[in-house]
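First comes the structure, then the notes that go with it.
There are 4 protein chains.
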Amino acid sequence: MIIVTRRGVTEAEIDHIRERIEGQGLRTHVSRGETRVVIGCIGDEARLQHLPLGTLPGVEAVHPVMKPYKLAAMQFAAEPTRIPFGSIEIGGPGIVVVAGPCSVENMEVMKETADFVSSKGARGLRGGAFKPRTSPYSFQGLGKEGLEILSEVRRHSGLPVVTEVMDTRQVELVAEYADALQVGARNMQNFPLLTEVGRTHRPVLLKRGMSATVKDLLLAAEYVMSQGNMNVMVCERGIRTFETATRNTFDLAAIPILKKETHLPVIADPSHGAGRRDLVHALAYAAVAAGADGLLVEVHPDPETAWSDGEQTLDFQEFESLMEGLRPFAAATGREMA
Amino acid sequence: MIIVTRRGVTEAEIDHIRERIEGQGLRTHVSRGETRVVIGCIGDEARLQHLPLGTLPGVEAVHPVMKPYKLAAMQFAAEPTRIPFGSIEIGGPGIVVVAGPCSVENMEVMKETADFVSSKGARGLRGGAFKPRTSPYSFQGLGKEGLEILSEVRRHSGLPVVTEVMDTRQVELVAEYADALQVGARNMQNFPLLTEVGRTHRPVLLKRGMSATVKDLLLAAEYVMSQGNMNVMVCERGIRTFETATRNTFDLAAIPILKKETHLPVIADPSHGAGRRDLVHALAYAAVAAGADGLLVEVHPDPETAWSDGEQTLDFQEFESLMEGLRPFAAATGREMA
Amino acid sequence: MIIVTRRGVTEAEIDHIRERIEGQGLRTHVSRGETRVVIGCIGDEARLQHLPLGTLPGVEAVHPVMKPYKLAAMQFAAEPTRIPFGSIEIGGPGIVVVAGPCSVENMEVMKETADFVSSKGARGLRGGAFKPRTSPYSFQGLGKEGLEILSEVRRHSGLPVVTEVMDTRQVELVAEYADALQVGARNMQNFPLLTEVGRTHRPVLLKRGMSATVKDLLLAAEYVMSQGNMNVMVCERGIRTFETATRNTFDLAAIPILKKETHLPVIADPSHGAGRRDLVHALAYAAVAAGADGLLVEVHPDPETAWSDGEQTLDFQEFESLMEGLRPFAAATGREMA
Amino acid sequence: MIIVTRRGVTEAEIDHIRERIEGQGLRTHVSRGETRVVIGCIGDEARLQHLPLGTLPGVEAVHPVMKPYKLAAMQFAAEPTRIPFGSIEIGGPGIVVVAGPCSVENMEVMKETADFVSSKGARGLRGGAFKPRTSPYSFQGLGKEGLEILSEVRRHSGLPVVTEVMDTRQVELVAEYADALQVGARNMQNFPLLTEVGRTHRPVLLKRGMSATVKDLLLAAEYVMSQGNMNVMVCERGIRTFETATRNTFDLAAIPILKKETHLPVIADPSHGAGRRDLVHALAYAAVAAGADGLLVEVHPDPETAWSDGEQTLDFQEFESLMEGLRPFAAATGREMA
């Protein structure tokens, strides 16, 4: 922590600031410039976290020196984390596509979709049994029945399954059925939920919140990891900005930043990023070009009749062309489709 | 719902769009302009909610006609909702101040704070027993012990208590101790939590999410109300923008908009809105000038030693001057401090 | 400037960083913590401005210590700047209301409006002769004819006039006619224009850009002042965010921040801040409660027929109620309406 | 234009709304739903532009039907516009890279850079002679001397030159020297400047403003085009959001949206989009994957000593690797590097 004082700070104020810091077991180092005094803190910065240093008399600015996340930081791991997902790994050289409808609707649609996406190269299946909907009057998901359908379709297709969990009370149940647990954008800072999924042995797909910075996202991952579950994938899916041409603003730069900051796999969700079916291809290609380890894509046999998110869902033909289109981009990054 | 078609839309496309809408039991009305055809939907718009109308061939834009919330809408109630809170009401002519530390730390601080703020005109006590913290390594609250302290301090001071609940599993517990349940900004779209607090008989203080629109906030209130709990207060506490001079951007205009859109009481939180102790007075005065029914203010006997949010917490002297300062602003709006 | 190095920085990298800084005539001060080395720069920070310090090998973060503006900073002036505007002053104890239509349309409307707003307490007249319009097909203002109307109406009503200038080539012309030159939000970083108005002897009303921080706004004021024109008023008029219920998000907190950071008068524009006529009262009251020195309000005898911005323009009756409503708020802040 | 009325609208209000619209020469069409009345406007919507329809009694919402830009719209042109730039074309099958330093510093640096980037495949040279700087105390560019250097380096290298123009008074001068005129992000809504560059015969590179929507950007292009200059290239360079890990948030989705909405070439600026040298490769690859027609890249022989923007400027080695890296991405989109 570095503390910059105000012009005209008094010696008494400086002493008071130093006492506060030293009271937490750190040492201080005072540097006197031409107009300002700067106080450096030497020792474990985490101990200063709850001190309102910015509010002490004479303080103008406080700059942290250390990253607030540890387990999620690149330095923590000798090499990129590879996460087992069914029979494959996410975070290795292969780029993994996980596809499926927004909501689990019924056995037939799920089987048809699983068969199709699998035949075109998808390596995992997505589908929501518990759905976070903005309106209480919208379809909220099939719940446990949806989980059973997912489980049966996994048996049928061999595809591992990722599905969202929204409630601490459901974590155990969902973890029984799913190969990976999705924490959605709206729950990225639902800390009890992060803690609970951190206590399972299932990989976690953590989506970035609509107003979360990259740092916030990694702190959310840290919550999960601090409980012992190191298998976290972080997912860029768009942030909220003033632009209305897209449902969210896909923050492409988050992908290479995350690849630099963390050893965890980085997934992109071009469906939510765009919110428009006609942009999914371009965003998916770009995400791969920028270094994503995987993609989460919404696909439905007939998007017009999908129970949710139909506006951003690809039909089979579009998904096929997406998978064909992705290959040369994967190759251009020196990787291949898993 | 009004559907605007693309230039050059075909009759077959128009028929297809109409079939989709009529298939949901609505009637359609086609209006042909010079370059566009517009299709109006007559009937219960809610039935169209899950249809991806925007993605049908030939569609350019879709405009909803009805508000997506009903119970929270101004039209639903004959007059503004007044919510019982201890011995007072929120939403009546009096402007209510609820004050207290960010976190419940111990009995002594809570009693001292309650006594002081009560003597200066606060009509309720705030304090977090369960704390949503960005970092897993920060203090997470005293939990049940915190609730017991709050309960004892209520007995001692007579002030009703509002405290946050973050986990569906804790709702029953917190509802036993608290006079009102706070749902924090990070949980504004934690739908299972909204549903669960909607099943209690406790008033709910619902804070606006950092990236939530006013419409999203009212839909979140609708979640609570749809479970039968009509006692919801909505709270403006700042949104996330590019400006870094403040922790959040206090969206003052949300206050008069909410007063027009809903019959629910509107609370402002100038402490989080500013994130800086030196701005709390100005934001509080402005919130009252703009029509807020109440204020939520962070106060601590010694903010420098507060366990959380010290940067934005007033000390006793500052709180006293705030309460004195508020009175003429309340009067200027034709109201008074409760 | 304080430079924080990366974990594992080498001595050679530290030497290289120091050489760069010392090459600009500053001294350096190296502080070694447990995991990082921090390099402080002692001397005139402005000389480092163009050095890409963040990109030097071994650097993790760079924190400026000094504010980038000088003339606009609070410290520069012994007391708040008062700006002469016609026969009154802006920035003194009285709160000044400047009112009028968005565009100058014709002599009749301007005279009628000037007479009315003057009778109700406005102390200045606004009206655009040159209009920045999003579309090239919208009305662009009457130009020089508009200036002549403004000039005649000033003679007639005694009200000083503020009007926008958009083009460096028009500055001299507009300065001949107007009592104050408005630089609009879209031109807040039109640096040649800022420079040019800085060379006139007319007060400048500088509106905050839609994506400008408070710091950016003060740097724009600094541009004007660096040319010798110290009579700058800064104006909060809303920023662009994700919220669509209002045209802009009125950043109320900017008002008290500006009052702390600068000696320049702070004006609020509730008409643009809201973009909706039904919110203008609430925003105006709040702006005064938060410390604004003046208000800029759009008024028209018949907003329905106004040539621009009718949606956010008050009619005479609304303006009258606004002026009456403002008085007690001004009093509550210990001031009065000018 | 479609007007949705409030619940409980009166017949007198409906008549009044219709009169306003019909007074502009349009016809109206009234459609009565179960709870609302909808009024459609038939005829030239542009005539309604200045009417504050949203403010008429009884009106709840107003939805435009037509795009506000015409010349820039996809429908206006039979095929994508190709813009001559030196001996090449922008907007054809080849993807064009324009590279060079942020500022023109001196002849030597420009020649060295031009020679190098040309040898690696750049097809144009960038460099600022007039620099828009946030602070009045920063280097403002060499002005006319910079233009002369650019002109000489063009002769020397054969590379066409793009350079920024900031002031209406300089347009003629800059147009004499440059092959294309850049309008920077801060001037995207400097309407007199847009008008003035629209009167030249030079191609215009129009950068998106930091708070401009895609629609705003196309309206700015429309300003230029409405003066007769159809050779406009639109450039995505990042928007302002809450994320601080990057200088701007690169809105990747704007690229495919622009490719759908307009016939104009779409350029990406990964240097400003990222603001960090270590992200430029990823953003450039992604931009090409998403369909960009060209890239604008900052390159300098020694970024550490660049007079501006050094943090985001590539050195020669990095530029070489970028150009090599781009080829397979161009091929993956079915195109090639120009």
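Protein chains in written order, with my numbering: chain Y, -6 to 331; chain E, -6 to 331; chain X, -6 to 331; chain U, -6 to 331.
Every residue gets a Cβ at the ideal spot worked out from N, C-alpha and C, and that includes glycine.
Predicted model, so just to flag it, every value in this text is computed and none were measured.
Going along the chain, which residues of the stretch 293 to 326 of chain U sit with their C-beta nearer than 9 Å to a C-beta in chain X? Here the close residues are Pro296, Glu297, Thr298, Ala299, Trp300, Ser301, Asp302, Gly303, Glu304, Gln305 and Thr306.
Report the rounded CA-to-CA distance for Leu210 (chain U) versus Ala285 (chain E), giving the unit in angstroms. Translated into positions along the fourth sequence, residue 210 (chain U) becomes position 217. Translated into positions along the second sequence, residue 285 (chain E) becomes position 292. C-alpha separation (whole angstroms): 38 Å.
Express the C-alpha separation of Leu289 (chain X) and Lys208 (chain X) in angstroms, rounding to a whole number. Here the question's residue 208 (chain X) lines up with position 215 in the third sequence. Here the question's residue 289 (chain X) lines up with position 296 in the third sequence. So the alpha carbons of these two residues sit roughly 22 Å apart.
Against chain E, does Gln182 (chain U) count as a neighbour if the rule is that its beta carbon must be under 8 Å from one of theirs? The residue labelled residue 182 (chain U) in the question sits at position 189 within the fourth sequence. By this cut-off, Gln182 (chain U) is not an interface position.
Would Tyr130 (chain X) pass as an interface residue toward chain U - the criterion being a Cβ-Cβ separation below 8 Å? Here the question's residue 130 (chain X) lines up with position 137 in the third sequence. Chain U contact via Cβ: present.
With a threshold of 7 Å on Cβ separation, who are the neighbours of Val2 (chain Y) within its own chain once the five nearest residues in sequence on each side are excluded? Residue numbering aside, residue 2 (chain Y) sits at position 9 when the first sequence is read from its first letter. The beta carbon of Val2 (chain Y) sits closer than 7 Å to those of Val30 and Gly51, all from its chain and outside the five residues before and after it, given in chain order.
Under 8 Å between the Cβ atoms of Ala246 (chain Y) and Leu315 (chain U)? Start at 1 with the first residue of the first sequence, and residue 246 (chain Y) comes out as number 253. Start at 1 with the first residue of the fourth sequence, and residue 315 (chain U) comes out as number 322. In this structure, Leu315 (chain U) does not lie closer than 8 Å to Ala246 (chain Y) by Cβ.
Ser128 (chain X), DSSP secondary structure in three states: Your numbering for residue 128 (chain X) matches position 135 in the third sequence. Coil.
Rounding to the nearest angstrom, what Cα-Cα distance links His43 (chain X) and Val55 (chain X) in this structure? Residue numbering aside, residue 43 (chain X) sits at position 50 when the third sequence is read from its first letter. Residue numbering aside, residue 55 (chain X) sits at position 62 when the third sequence is read from its first letter. About 13 Å.
Under the three-state DSSP convention, the category Thr381 (chain Y) falls into: Lying outside -6 to 331, the shown extent of chain Y, residue 381 (chain Y) is not represented and no answer is given.
When burial is assigned at 16 or more other CB atoms within 10 Å of the CB, is Asn222 (chain X) buried or exposed? The residue given as residue 222 (chain X) occupies position 229 in the third sequence. Here Asn222 (chain X) is buried: its Cβ has 16 or more other Cβ atoms, across all protein chains shown, within 10 Å.
Comparing the C-beta of His149 (chain X) with each C-beta of chain Y, is any distance below 8 Å? On the third sequence, residue 149 (chain X) is found 156 positions in, with the first residue counted as 1. In terms of beta-carbon proximity, His149 (chain X) stays away from the interface with chain Y, with every pair separated by 8 Å or more.
To which residues of the same chain is Val146 (chain X) closer than 6 Å at the C-beta, ignoring the five residues directly before and after it? Mapped onto the third sequence, residue 146 (chain X) falls at position 153. Closer than 6 Å at the Cβ level, and outside the excluded window around Val146 (chain X), lie Met103, Lys104 and Ala107.
Tyr216 (chain U) touches chain X at which residues, Cβ-Cβ below 7 Å? Taking the first residue of the fourth sequence as position 1, residue 216 (chain U) is located at position 223. Around Tyr216 (chain U), the beta-carbon contacts reaching into chain X at under 7 Å are Pro129.
Check the C-beta distance from Gly303 (chain E) over to Pro296 (chain E) and give it rounded, since I have them as a contact under 8 Å. As a position in the second sequence, residue 303 (chain E) is number 310, starting the count at 1. As a position in the second sequence, residue 296 (chain E) is number 303, starting the count at 1. At roughly 5 Å, the Cβ-Cβ gap stays under 8 Å, so Gly303 (chain E) and Pro296 (chain E) are in contact.
For Arg119 (chain U), which residues does DSSP report across the bridge? Reading the fourth sequence from its first residue, position 126 is the one you call residue 119 (chain U). Looking at the DSSP output, Arg119 (chain U) sits in a beta bridge with U:Val155.
Helix or strand or just coil, what does DSSP make of His256 (chain Y)? Your numbering for residue 256 (chain Y) matches position 263 in the first sequence. Residue state, collapsed to three classes: coil.
Does Phe235 (chain E) get closer than 8 Å to chain A when you measure Cβ to Cβ? No chain A is part of this structure, whose protein chains are labelled Y, E, X and U.
List the residues that DSSP assigns as beta-bridge partners of Ile(-5) (chain Y). By one-based count along the first sequence, residue -5 (chain Y) stands at place 2. BP columns for Ile(-5) (chain Y) point to Y:Gly33 and Y:His56.
Do Ile76 (chain Y) and Met226 (chain Y) have their C-beta atoms within less than 8 Å of each other? Working through the first sequence from its first residue, we reach residue 76 (chain Y) at position 83. Working through the first sequence from its first residue, we reach residue 226 (chain Y) at position 233. Yes, they are a contact pair.
Taking only the alpha-carbon atoms, compute the straight-line gap between Arg20 (chain U) and Ile10 (chain U) and give it to the nearest angstrom. Numbered from its first residue, the fourth sequence carries residue 20 (chain U) at position 27. Numbered from its first residue, the fourth sequence carries residue 10 (chain U) at position 17. If I take the Cα positions, the gap works out to 12 Å.
How about Ser204 (chain X) and Ile248 (chain X): do their beta carbons lie closer than 8 Å? On the third sequence, residue 204 (chain X) is found 211 positions in, with the first residue counted as 1. On the third sequence, residue 248 (chain X) is found 255 positions in, with the first residue counted as 1. Not in contact: Ser204 (chain X) and Ile248 (chain X) (Cβ atoms no closer than 8 Å).
Whole runs of the alpha helix (DSSP H) within the stretch 264 to 310 of chain X, excluding any shorter than 4 residues: With a minimum length of 4 residues, the continuous alpha helix (DSSP H) runs that stay inside the stretch 264 to 310 of chain X are 273 to 282.
Output the distance between the C-alpha atoms of Glu38 (chain X) and Thr(-2) (chain U), rounded to the nearest integer angstrom. Reading the third sequence from its first residue, position 45 is the one you call residue 38 (chain X). Reading the fourth sequence from its first residue, position 5 is the one you call residue -2 (chain U). Using only the alpha carbons, I get a separation of about 59 Å.
Among Y:Pro125, Y:Ile(-5) and Y:Glu329, which has the Cα closest to the Cα of Val58 (chain Y)? Within the first sequence, numbered from 1, the residue matching residue 58 (chain Y) stands at position 65. The candidate whose alpha carbon is nearest that of Val58 (chain Y) is Y:Ile(-5).
Out of curiosity, what's the CA-to-CA distance linking Ala238 (chain E) and Ile250 (chain X)? By one-based count along the second sequence, residue 238 (chain E) stands at place 245. By one-based count along the third sequence, residue 250 (chain X) stands at place 257. If I take the Cα positions, the gap works out to 8 Å.
Under 8 Å between the Cβ atoms of Ser131 (chain Y) and Tyr170 (chain Y)? In the first sequence, residue 131 (chain Y) corresponds to position 138, counting from 1. In the first sequence, residue 170 (chain Y) corresponds to position 177, counting from 1. Between Ser131 (chain Y) and Tyr170 (chain Y), the C-beta gap is not smaller than 8 Å, which leaves the two residues out of contact.
Cα separation between Pro263 (chain U) and His274 (chain U)? Here the question's residue 263 (chain U) lines up with position 270 in the fourth sequence. Here the question's residue 274 (chain U) lines up with position 281 in the fourth sequence. Taking the straight line from one Cα to the other gives about 8 Å.
Which of the residues in the stretch 19 to 48 of chain U, read from start to end, lie with their CB under 9 Å from any CB of chain X? Those would be Ala39, Gln42, His43, Leu44, Pro45, Leu46, Gly47 and Thr48, in chain order.
Can you give me the Cβ contacts of Arg126 (chain X) inside the same chain, cut-off strictly under 8 Å, excluding the 5 residues immediately before and after it? Translated into positions along the third sequence, residue 126 (chain X) becomes position 133. Counting only Cβ-Cβ distances below 8 Å, and skipping sequence neighbours, we find Phe132, Gln133 and Ser301.
Within 8 Å of chain E by C-beta, residues of the stretch 184 to 208 of chain X in sequence order: Listed in sequence order: Ser204, Thr206, Val207 and Lys208.
Starting from Lys137 (chain Y), follow its DSSP beta bridges and name the residues at the other end. Translated into positions along the first sequence, residue 137 (chain Y) becomes position 144. The beta-bridge partner set that DSSP reports for Lys137 (chain Y) is empty.
Extent of the continuous beta strand (DSSP E) to which Met226 (chain X) belongs: As a first step, residue 226 (chain X) is located in the third sequence; it is residue number 233 there, counting from the start. Counting along the chain, the unbroken beta strand (DSSP E) around Met226 (chain X) starts and ends at Val225 to Glu229.
Which same chain residues, not among the five before or five after Thr161 (chain Y), have their C-beta less than 6 Å away from its C-beta? Position 168 of the first sequence, counted from the start, is the residue given in the question as residue 161 (chain Y). These residues qualify, in order along the chain: Pro185, Leu186 and Glu189.
What separation, rounded to the nearest whole angstrom, lies between the Cα atoms of Tyr62 (chain E) and Gly191 (chain E)? For the purposes of this step, residue 62 (chain E) is identified with residue 69 of the second sequence, where counting begins at 1. For the purposes of this step, residue 191 (chain E) is identified with residue 198 of the second sequence, where counting begins at 1. Spanning the two alpha carbons is a distance of roughly 15 Å.
Determine the burial state of His293 (chain U): buried for a count of at least 16 other Cβ atoms within 10 Å of its Cβ, exposed for fewer. Along the fourth sequence, read from residue 1 onward, the residue named residue 293 (chain U) stands at position 300. Counting Cβ neighbours within 10 Å, His293 (chain U) comes out buried, since at least 16 surround it.
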